[in-house]
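Student: One structure, as C-alpha cells, below. Some questions next.
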Amino acid sequence: MWHFMDHKFPGLRDTFHLGKQGKALRRSRAADILNAVESVVDGTDNKIRLVPGYMKKLQGTIQDSLDFADDLVSQIPLAIEVSSSTFTSDPYVNAFFTNVTDLQSIFSHSSEVQDYMEDCHDNNARCCALLCMHREEKTVMGMELSGNMLKKDVMQTAVSFSDHRVYSPAPSEPETREGLKNCLFQGLVTNALERIVQLRLANHQLQNRHQVLHARLRRHRQQTGKVGQGTRTIEKTNLELKKIEKEMLHAPLLTPQILLQQVLEVFSKPDDFVQVRKLQLRLNKMGIKISDNSAQADNKLNLTEVIIGNNLPRVVTLAMFPRKELLAKTVFSGF
Numbered sequence: 414m415w416h417f418m419d420h421k422f423p424g425l426r427d428t429f430h431l432g433k434q435g436k437a438l439r440r441s442r443a444a445d446i447l448n449a450v451e452s453v454v455d456g457t458d459n460k461i462r463l464v465p466g467y468m469k470k471l472q473g474t475i476q477d478s479l480d481f482a483d484d485l486v487s488q489i490p491l492a493i494e495v496s497s498s499t500f501t502s503d504p505y506v507n508a509f510f511t512n513v514t515d516l517q518s519i520f521s522h523s524s525e526v527q528d529y530m531e532d533c534h535d536n537n538a539r540c541c542a543l544l545c546m547h548r549e550e551k552t553v554m555g556m557e558l559s560g561n562m563l564k565k566d567v568m569q570t571a572v573s574f575s576d577h578r579v580y581s582p583a584p585s586e587p588e589t590r591e592g593l594k595n596c597l598f599q600g601l602v603t604n605a606l607e608r609i610v611q612l613r614l615a616n617h618q619l620q621n622r623h624q625v626l627h628a629r630l631r632r633h634r635q636q637t638g639k640v641g642q643g644t645r646t647i648e649k650t651n652l653e654l655k656k657i658e659k660e661m662l663h664a665p666l667l668t669p670q671i672l673l674q675q676v677l678e679v680f681s682k683p684d685d686f687v688q689v690r691k692l693q694l695r696l697n698k699m700g701i702k703i704s705d706n707s708a709q710a711d712n713k714l715n716l717t718e719v720i721i722g723n724n725l726p727r728v729v730t731l732a733m734f735p736r737k738e739l740l741a742k743t744v745f746s747g748f
C-alpha cells in the first residue's frame with residue numbers, strides 16, 4: 414500500500430507522519446494549557462471553579478502568558494562559562510566579577526548551587542544557572558590617553574555589577590530556560606494572589622472600621638442621653654460612618670466572578686509585571702565607559718536587563734559553572 418502511494422505521491426508518507434506528529438504536539442500543548450489553568454486556580458482561589466466556563470475563559474489568556482514567558486526567556490543570551498579560566502578571556506565574566514575569588518564565592522554561597530552540586534559525584538560536572546545582578550554607574554575622576562598626551566582628572570563613568578544572585582541550577586541550558594519559564598509563570602500567579610489578598614484585606618478593614626464606628630456612635634448616644642452633651646461628636650462619628658458605608662457599597666464583593674477577573678487582569682497583561690530591555694556598553698578592562706568615537710581597546714557588552722514589578726532592573730544571563738570551581742563550605746562559611 415505505502416509502496417504504491419510513495420510511487421504515485423512522493424513524500425506522502427512523510428507528510429502523513431508529520432501530520433500525526435503535529436496533532437500529537439497540539440494535543441500535548443492543549444494538555445499543558447489545561448494543567449496551567451488548574452495550577453493558576455489552585456494558586457489563587459479555588460472558588461474560581463464555581464464560575465461557569467471558567468476553564469474556557471482562562472485558556473486563551475493563560476496560553477498568551479505562556480507564550481510571553483517563552484518569548485522573554487528566548488531573549489536571554491546563550492550561556493557563558495563562569496570560571497577562573499574565563500575571567501581573563503571572556504569580557505562578560507571580566508566585567509561581572511571583581512576577581513576569581515569573587516566569582517567563586519558568589520556561586521559557592523548559593524544554597525541552590527550547593528544542593529545541586531552535592532548530588533553530582535563527578536568532579537567534571539557543571540551546572541547552568543540564571544545569574545542576576547544590579548548594574549551601577551557612577552562618575553569618577555581618572556586618566557585618559559588622548560593622542561600622545563595623558564590627561565589627568567578626566568571625568569569618567571565607571572560601571573560595576575553588584576548584589577549577584579544565582580537561581581535555578583540545572584544540568585543543561587534548555588532545562589534552566591524551562592525552569593525560568595516556570596518561575597515567570599509562578600510570578601504571575603503570585604501577583605494575582607496578592608491582588609486578591611489586597612481586596613480581602615481592604616474589605617476586612619472596612620468591615621472592622623464600620624463595626625468600631627457603630628459601637629462608638631452607640632456609646633456616644635448613651636452618654637449624651639445622660640449628660641446632655643456630645644452632639645458634635647455624634648455628628649462627626651455619624652458622618653464618618655456614612656463615608657465608610659459608601660465605600661463598602663462601592664467595594665467589590667469577592668464573588669467567584671470577581672476573583673476570576675483579578676486573575677484575568679494579571680495574566681492578560683504580563684508585561685505590566687515583567688519587562689525586558691537590551692543595552693550595549695563599551696567598557697575598558699577597568700570597567701570605564703568608552704565613547705563610541707573612541708579608538709581605545711574595549712569590551713563590547715550586549716546586556717539584557719529584566720524589570721519585575723517595582724523592583725530595580727537586574728542584568729540577567731545564563732552561566733555555566735564547573736563543580737571543581739566550587740569553594741569548600743569551610744572556606745566560604747566564614748566570609
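Start counting at 1 in the sequence shown, then tack on 413, and there's your number in the numbering used here.
Positions of the beta carbon are idealized from the N, C-alpha and C atoms, including for glycine.
Since the structure is predicted, the reported quantities are computational estimates derived from the model, not experimental observations.
1) Measure from the alpha carbon of S496 to the alpha carbon of each residue in N507, Q635 and V486, then state which is nearest.
2) Grab the span of the alpha helix (DSSP H) containing I721 for me, first residue to last.
3) Is the separation between the beta-carbon of L672 and that of K460 shorter than 7 Å?
4) Taking M699 as part of the beta strand (DSSP E), name the residues at either end of that continuous run.
5) With C-beta atoms as the reference, is C540 less than 7 Å away from P582?
6) Assuming V676 and A615 form a contact by the criterion Cβ under 8 Å, report the distance between their Cβ atoms to the nearest whole angstrom.
7) How do the region 688 to 706 and the region 620 to 635 stand: do at least 3 beta-carbon pairs fall below 8 Å, yes or no?
8) Under the three-state reduction of DSSP, which class applies to G466: helix, strand or coil?
9) Hey, T730 and L463: beta-carbon distance below 7 Å or not?
10) Looking at the unbroken beta strand (DSSP E) that takes in P584, where does it start and where does it end?
11) Quick check: what's the CA-CA separation for Q636 versus R629?
12) Return helix, strand or coil for K421, following the three-state DSSP convention.
13) Can you tell me where the alpha helix (DSSP H) holding L673 begins and where it ends?
14) With 16 as the cutoff for other CB atoms within 10 Å, does M546 come out buried or exposed?
15) Would you kindly work out how many angstroms separate the C-alpha atoms of I475 and I446, rounded to a whole number?
16) Does the Cβ-Cβ distance between L601 and F686 come in under 7 Å?
17) Rounded to a whole number of angstroms, what is the C-alpha to C-alpha distance between P669 and T457?
18) Per DSSP, what kind of secondary structure is D503 in: helix, strand or coil?
19) Please report the distance separating the alpha-carbon of D705 from that of E549.
20) Measuring only the C-alpha atoms, how far is G435 from D477?
21) If we count the other Cβ atoms within 10 Å of its Cβ and call it buried at 16 or more, is P735 buried or exposed?
22) Between which two residues does the beta strand (DSSP E) holding K731 run?
23) Tell me whether L479 is buried or exposed, calling it buried when 16 or more other Cβ atoms sit within 10 Å of its Cβ.
24) Consult DSSP for F379 and reduce its assignment to one of helix, strand or coil.
25) On a CA-only basis, which of V679, L714, Q688 and P587 is nearest N724? Give me that one, please.
26) For T644, name the three-state secondary structure that DSSP assigns.
27) For Q488 and F481, what's the separation of their Cα atoms in angstroms?
28) Under the three-state reduction of DSSP, which class applies to D566: helix, strand or coil?
29) Quick one, which of S585, D484 and R608 has its alpha-carbon nearest A538's?
Tutor: In terms of the structure at hand:
1) Sequence index remark: in the sequence shown, residue 496 carries index 83 (1-based). Nearest option by C-alpha distance: N507.
2) As a first step, residue 721 must be located in the sequence shown, where it is residue number 308. Not the alpha helix (DSSP H): I721 falls in the beta strand (DSSP E), residues N712 to I721.
3) Start at 1 with the first residue of the sequence shown, and residue 672 comes out as number 259. Start at 1 with the first residue of the sequence shown, and residue 460 comes out as number 47. The answer is yes: Cβ separation under 7 Å.
4) As a first step, residue 699 is located in the sequence shown; it is residue number 286 there, counting from the start. Looking at the DSSP string, M699 is not in any beta strand (DSSP E), and its letter there is neither H nor E.
5) Your numbering for residue 540 matches position 127 in the sequence shown. Your numbering for residue 582 matches position 169 in the sequence shown. Yes, these two residues count as a Cβ contact at 7 Å.
6) Your numbering for residue 676 matches position 263 in the sequence shown. Your numbering for residue 615 matches position 202 in the sequence shown. Between A615 and V676 the Cβ distance is about 18 Å, and since that is not below 8 Å, they are no contact.
7) no
8) Counting from one through the sequence shown, the residue named residue 466 turns up at place 53. Note: G466 maps to coil in three-state DSSP.
9) For the purposes of this step, residue 730 is taken as the residue at position 317 of the sequence shown. For the purposes of this step, residue 463 is taken as the residue at position 50 of the sequence shown. Going by beta carbons, T730 and L463 fall outside the 7 Å limit.
10) What you label residue 584 is simply residue 171 of the sequence shown in a count that begins at 1. P584 -> no beta strand (DSSP E), and no H or E assigned at all.
11) Translated into positions along the sequence shown, residue 636 becomes position 223. Translated into positions along the sequence shown, residue 629 becomes position 216. Distance between Q636 and R629, taken at the CA atoms: about 11 Å.
12) The residue given as residue 421 occupies position 8 in the sequence shown. With a pLDDT of 49 at K421, under the threshold of 50, the modelled position of that residue is not reliable, and the figure given next carries that caveat. Looking at K421 - three-state DSSP - the assignment turns out to be helix.
13) Locating residue 673 in the sequence shown gives position 260, counting from the first residue. Counting along the chain, the alpha helix (DSSP H) containing L673 begins and ends at P669 to F680.
14) Taking the sequence shown and counting its residues from 1, one reaches residue 546 at position 133. Classification of M546: buried, given that the 10 Å Cβ count is 16 or more.
15) Counting from 1 along the sequence shown, the entry for residue 475 is found at position 62. Counting from 1 along the sequence shown, the entry for residue 446 is found at position 33. The straight-line gap from Cα to Cα measures roughly 7 Å.
16) Reading the sequence shown from its first residue, position 188 is the one you call residue 601. Reading the sequence shown from its first residue, position 273 is the one you call residue 686. Cβ atoms of L601 and F686: closer than 7 Å.
17) Along the sequence shown, one-based indexing puts residue 669 at 256. Along the sequence shown, one-based indexing puts residue 457 at 44. Whole-angstrom Cα-Cα distance: 11 Å.
18) On the sequence shown, position 90 is the one that residue 503 refers to. Reduced to three states, the DSSP call for D503 is coil.
19) Position 292 of the sequence shown, counting from 1, holds the residue named residue 705. Position 136 of the sequence shown, counting from 1, holds the residue named residue 549. Approximately 20 Å between the Cα atoms of the pair.
20) For this step, residue 435 is matched to residue 22 along the sequence shown. For this step, residue 477 is matched to residue 64 along the sequence shown. Residue placement at G435 is poorly supported in this model, since its pLDDT is 49, which falls under 50; the coordinates are not used for a value here.
21) Taking the sequence shown and counting its residues from 1, one reaches residue 735 at position 322. Buried, by the Cβ-count rule.
22) Here residue 731 corresponds to residue number 318 of the sequence shown, with the count starting at 1. For clarity, residue 731 is Leu in the given sequence; the question names Lys instead. Run containing L731: R727 to P735, per the beta strand (DSSP E) assignment.
23) Position 66 of the sequence shown, counting from 1, holds the residue named residue 479. With 16 or more Cβ atoms within 10 Å of its Cβ, L479 is classed as buried.
24) As shown, the chain starts at 414 and ends at 748. That puts residue 379 outside it, with no answer to give.
25) Along the sequence shown, one-based indexing puts residue 724 at 311. That would be Q688, whose Cα lies nearest to the Cα of N724.
26) Translated into positions along the sequence shown, residue 644 becomes position 231. T644 falls in the helix class under three-state DSSP.
27) Mapped onto the sequence shown, residue 488 falls at position 75. Mapped onto the sequence shown, residue 481 falls at position 68. One alpha carbon belongs to Q488, the other to F481, and they sit about 11 Å apart.
28) Against the sequence shown, residue 566 aligns to sequence position 153. For D566, the three-state secondary structure derived from DSSP is strand.
29) The sequence position of residue 538 within the sequence shown is 125, counting from 1. A538 has its Cα closest to that of S585, out of S585, D484 and R608.
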